[in-house]
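*Asks:*
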């Protein structure tokens, strides 16, 4: 492959340099998450401070961003201020394609500016500009102001709101009205660097090796994709369609996962109700599914609220997780988070934690300053303001997982987190593959690293066996084969993240949706490079393994591939998943199956033979903790 | 009788995915460059969210030719027009990039953009000659 373009920016010295990333590296990592991990590895190969000025933040569009593809997503990675470990977040919208059109494949930003700045990338020209007057503005105001300043409505902007400026540990990076690099606190990294925004205008073209052949292949794959029921439903309802399933199957996190179904209150949060506010569906660049609403609330206490989405994750995090069955307030709270640049998932999880502490009397009005009861819309909204502005009790919660040190051991127990990232809007005690995927996700509790999903839709075992090349139980309550499922999906999703392909346009939506075979065809037509199916799967494995090495080098191991106490010790009390919990012994079996398939030893450490097979032995040569078979 | 082919636009359905622009430039120029396309999505992404595909309306009497002593029939089927012609369209549907102007030639009768519009924001319409 042709070398890729790496742009390095040192905010301290102001030095900007441009250099190549070799074709060999691209062959192994493609782009996006893959490239980020390869470049981040040396900086994350020992414990460190996420706010250390020398710690970089890396932004790479997926390899297929900017051409007709299956979405157009990019990854932003750094050491996570939220977890202290691997920080990585995937973001859609238009930014990835714009970066590609500017001729940049990877933006590597290090150093710390003394004053607020933004980076202005205009094709080949890159400059660091003053952002003092933007400091203090929210994520939408910031984008509007920058466009006004540059007199160009076409520039695409990744920016932080006040939460990032204030180094709230779960601040996100935003582009457009809705898209967020949400989890792991990448916005706080930008805030610490005084980097308010990265602004891009790319006007260059991307040459294709076989343009007409590419169109033929793409149209064939595109037509197949649009036949999929799930893709059609996403295009009508967006991800909130998951609310119905989660509520009815007992998968929903309710009141900090003390319950897993929200009953009739959950019905009030269902996707069908969004139609009332929707003005139409919008897409990321290069996506035929158009899975999010453009909405506006016209009347009531939240009149005037407008934006895009909201996603199931946000409705769950601002709704059921907090015992809040008022859809309009969940939409408003989501938009508030978006404007401030707060990750809605983590924000909801930490507020839920605080609400359970309040419920149990571990904290009270003297700590919070006001009652913090389940479903109290006003309290939720007030606390979001306080977190983003680091005021009052919000200043404590802004520390995320690290706030538990302030509240003490008893409080710590009710913070449901994995590898220092709080769990999300879904409860995984019933679906065992989901539970394992949450436990093993390399960035901490995360449904997007694997989200197996194929065993919850009633596929027969013969279909699962064909898809996964091994036996997998068709019951989502069963453990059998779930290690295989998670292993399979983790690699596929890592591959998709390296290519810039959206989850919803691959196997998440259907076993017949595009996967490695189709990706291989598109890559050949686009770039003239033959990637065999095996080679593509190996790329996914390589990314998973390099991330695993980062965790190991930061002192994490098998003991951290686990779930919060509630999953093991508190069987679900009521509802459709009543009685479900995770059995430690069976969980350990599927965890070991998962390690084995990855080529990691029984402690979860990549074997030397695996590192050699994946070409990682050299960069791991200083890895003292890798197993010697 | 069936009239001339044209692309009908239903802006309310447009989701702003840019696929139409991309395939236009690939089909005609062999590169992906949404600035070098005969169809453009005009967006108001931070405010109303409106997305409006803009493309040649295949006017029967081509006002874009009024000031040019050119052969309209020949230009109707040409994708790249000369510099300076982009200002002549009353609908602002001729787009220029550097010294080129791009005009929708309907891909010789099989518009590629229609094939990747999943929402139906653009489709084919046949006008009637009068």
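Protein chains in written order, with my numbering: chain A, -10 to 618; chain B, 8 to 137. Every residue, glycine too, gets a C-beta built ideally from N, C-alpha and C.
Closest to residue 158 of chain A by C-alpha separation, out of A/219, A/70, A/190, would be which residue?
*Replies:* In the first chain, counting from the first residue as 1, residue 158 of chain A sits at position 169. Ranking A/219, A/70, A/190 by Cα distance to residue 158 of chain A puts A/70 first.
*Asks:* Terminal residues of the continuous beta strand (DSSP E) containing residue 78 of chain A?
*Replies:* Numbered from its first residue, the first chain carries residue 78 of chain A at position 89. Note, residue 78 of chain A: beta strand (DSSP E), 75 to 80.
*Asks:* Within 7 angstroms (strictly less), CB to CB, does residue 58 of chain A reach chain B?
*Replies:* As a working mapping, residue 58 of chain A is identified with position 69 in the first chain. Not one chain B Cβ lies under 7 angstroms of residue 58 of chain A.
*Asks:* Check distances from the C-beta atoms of the segment 111 to 136 of chain B to those of chain A and list, in chain order, the residues that come in under 9 angstroms.
*Replies:* The residues in question are 119, 122, 123, 124, 125, 126.
*Asks:* Mind checking the segment 18 to 40 of chain B against chain A and listing, in chain order, the residues whose C-beta falls within less than 9 angstroms of any C-beta there?
*Replies:* 19, 20, 21, 22, 23, 24, 25, 26, 29, 30, 32, 33, 34, 36, 37, 38, 39, 40
*Asks:* Please decide whether residue 42 of chain B counts as near chain A, where near means a Cβ-Cβ distance under 7 angstroms.
*Replies:* Taking the first residue of the second chain as 1, we reach residue 42 of chain B at position 35. Answer yes: the Cβ-Cβ gap between residue 42 of chain B and chain A drops below 7 angstroms somewhere.
*Asks:* Is the number of C-beta pairs between the segment 67 to 82 of chain B and the segment 12 to 30 of chain B that are closer than 8 angstroms three or more?
*Replies:* As far as the Cβ criterion goes, the segment 67 to 82 of chain B does not touch the segment 12 to 30 of chain B, which means the pair count is below three.
*Asks:* If contacts are defined as beta-carbon pairs under 8 angstroms, then residue 457 of chain A and residue 389 of chain A qualify, I think. What distance do you get, rounded to the angstrom?
*Replies:* Counting from one through the first chain, the residue named residue 457 of chain A turns up at place 468. Counting from one through the first chain, the residue named residue 389 of chain A turns up at place 400. The Cβ separation is near 35 angstroms, so there is no contact.
*Asks:* For the alpha helix (DSSP H) that residue 232 of chain A lies in, which residues bound it at each end?
*Replies:* Position 243 of the first chain holds residue 232 of chain A. Here the alpha helix (DSSP H) through residue 232 of chain A covers 231 to 238.
*Asks:* Cutting at 6 angstroms between CB atoms, please list the residues of its own chain near residue 9 of chain A, excluding the five before and the five after it.
*Replies:* Along the first chain, one-based indexing puts residue 9 of chain A at 20. -8, listed in sequence order.
*Asks:* Since I believe residue 356 of chain A is in contact with residue 382 of chain A (beta carbons under 8 angstroms), could you give me their beta-carbon distance rounded to a whole number of angstroms?
*Replies:* Position 393 of the first chain holds residue 382 of chain A. Position 367 of the first chain holds residue 356 of chain A. Indeed, because the Cβ distance is near 7 angstroms, the residues count as touching under 8 angstroms.
*Asks:* Can you tell me the Cα-Cα spacing of residue 69 of chain B and residue 110 of chain B, whole angstroms?
*Replies:* Locating residue 69 of chain B in the second chain gives position 62, counting from the first residue. Locating residue 110 of chain B in the second chain gives position 103, counting from the first residue. Near 12 angstroms, if we compare the C-alpha coordinates of residue 110 of chain B and residue 69 of chain B.
*Asks:* When you compare each of A/327, A/140, A/577, A/233 to residue 111 of chain A by their alpha carbons, which one comes out closest?
*Replies:* By one-based count along the first chain, residue 111 of chain A stands at place 122. Nearest neighbour of residue 111 of chain A by Cα position, chosen from A/327, A/140, A/577, A/233, turns out to be A/140.
*Asks:* Could you tell me which chain B residues have their CB closer than 8 angstroms to the CB of residue 277 of chain A, listed as they occur along the chain?
*Replies:* Your numbering for residue 277 of chain A matches position 288 in the first chain. Think of a sphere of 8 angstroms around the beta carbon of residue 277 of chain A: the chain B residues whose beta carbon falls inside it are 24, 26, 123, 125, in chain order.
*Asks:* Locate the beta strand (DSSP E) running through residue 4 of chain A, then write down its first and last residues.
*Replies:* Your numbering for residue 4 of chain A matches position 15 in the first chain. Unbroken run through residue 4 of chain A: none, as it is neither H nor E.
*Asks:* Classify residue 570 of chain A as helix, strand or coil using the three-state DSSP reduction.
*Replies:* In the first chain, counting from the first residue as 1, residue 570 of chain A sits at position 581. Of the three classes helix, strand and coil, the one that applies to residue 570 of chain A here is coil, per DSSP.
*Asks:* Does the beta carbon of residue 131 of chain A come closer than 7 angstroms to any beta carbon on chain B?
*Replies:* In the first chain, residue 131 of chain A corresponds to position 142, counting from 1. Chain B contact via Cβ: absent.
*Asks:* Going along the segment 304 to 320 of chain A in order, which residues come within less than 8 angstroms of chain B, judged by CB to CB distance?
*Replies:* none
*Asks:* Which value, in whole angstroms, describes the spacing of the CA atoms of residue 575 of chain A and residue 565 of chain A?
*Replies:* By 1-based counting over the first chain, the position of residue 575 of chain A is 586. By 1-based counting over the first chain, the position of residue 565 of chain A is 576. Roughly 22 angstroms between the two C-alpha positions.
*Asks:* Grouping DSSP H, G and I as helix and E and B as strand, with all else coil, what is residue 101 of chain B?
*Replies:* Here the question's residue 101 of chain B lines up with position 94 in the second chain. Coil.
*Asks:* May I ask you to list, following chain order, the residues of the segment 149 to 173 of chain A that have a beta carbon less than 9 angstroms from some beta carbon of chain B?
*Replies:* 165, 166
*Asks:* Between which two residues does the beta strand (DSSP E) holding residue 49 of chain B run?
*Replies:* In the second chain, counting from the first residue as 1, residue 49 of chain B sits at position 42. 46 to 50 is the extent of the beta strand (DSSP E) around residue 49 of chain B.
*Asks:* Contact check, residue 129 of chain A vs residue 188 of chain A under 8 angstroms by CB: the rounded distance?
*Replies:* Position 140 of the first chain, counted from the start, is the residue given in the question as residue 129 of chain A. Position 199 of the first chain, counted from the start, is the residue given in the question as residue 188 of chain A. Their Cβ separation, rounded to whole angstroms, is 15 angstroms, which puts residue 129 of chain A and residue 188 of chain A out of contact at 8 angstroms.
*Asks:* Got a sec? Which residues, its chain only, sit under 6 angstroms from residue 113 of chain B by beta carbon, not counting five neighbours each side?
*Replies:* Mapped onto the second chain, residue 113 of chain B falls at position 106. So the list reads 12, once near-sequence residues are dropped.
*Asks:* Judging by CA-CA distance, which residue of A/269, A/280, A/229 is the nearest neighbour of residue 650 of chain A?
*Replies:* Lying outside -10 to 618, the shown extent of chain A, residue 650 of chain A is not represented and no answer is given.
*Asks:* Does the Cβ of residue 97 of chain A have 16 or more other Cβ atoms within 10 Å, making it buried, or fewer, making it exposed?
*Replies:* Here residue 97 of chain A refers to the residue found at position 108 of the first chain. When all chains shown are included, residue 97 of chain A counts as buried.
*Asks:* Any beta carbon from chain A within less than 7 angstroms of residue 52 of chain B's own beta carbon?
*Replies:* The count along the second chain starts at 1 and reaches residue 52 of chain B at position 45. With respect to chain A, the C-beta atom of residue 52 of chain B has a partner C-beta closer than 7 angstroms.
*Asks:* With a threshold of 8 angstroms on Cβ separation, who are the neighbours of residue 257 of chain A within its own chain once the five nearest residues in sequence on each side are excluded?
*Replies:* The residue you call residue 257 of chain A lines up with position 268 of the first chain. 314, 315, 316, listed in sequence order.
*Asks:* Just to confirm the assignment, what range does the beta strand (DSSP E) spanning residue 201 of chain A have?
*Replies:* For the purposes of this step, residue 201 of chain A is taken as residue 212 along the first chain, with counting starting at 1. Looking at the DSSP string, residue 201 of chain A is not in any beta strand (DSSP E); the run it does join, the alpha helix (DSSP H), is 200 to 215.
*Asks:* For residue 68 of chain A, which of helix, strand or coil comes out of DSSP?
*Replies:* The count along the first chain starts at 1 and reaches residue 68 of chain A at position 79. Correct three-state label for residue 68 of chain A: strand.
*Asks:* Name, please, each residue of chain A whose Cβ falls closer than 8 angstroms to the Cβ of residue 91 of chain B.
*Replies:* Numbered from 1 along the second chain, position 84 holds the residue referred to as residue 91 of chain B. Within chain A, no residue comes near residue 91 of chain B; the closest Cβ sits about 20 angstroms away, beyond 8 angstroms.
*Asks:* Taking Cβ positions only, does residue 194 of chain A come closer than 7 angstroms to chain B?
*Replies:* For the purposes of this step, residue 194 of chain A is identified with residue 205 of the first chain, where counting begins at 1. True, the Cβ-Cβ gap to chain B drops below 7 angstroms.
*Asks:* Taking a Cβ distance cut-off of 8 angstroms, strictly less, list which residues of the segment 260 to 294 of chain A are near chain B, in chain order.
*Replies:* 268, 269, 270, 271, 272, 273, 274, 275, 276, 277, 278, 279, 283
*Asks:* Going along chain D, which residues have a C-beta under 9 angstroms from residue 208 of chain A?
*Replies:* Among the protein chains in the structure shown, which are A and B, there is no chain D.
*Asks:* For the structure I just gave you, are there three or more beta carbon pairs, one from the segment 77 to 87 of chain A and one from the segment 184 to 201 of chain A, closer than 8 angstroms?
*Replies:* yes
*Asks:* For the segment 192 to 210 of chain A against the segment 147 to 167 of chain A, are there 3 or more C-beta pairs whose distance is under 8 angstroms?
*Replies:* no
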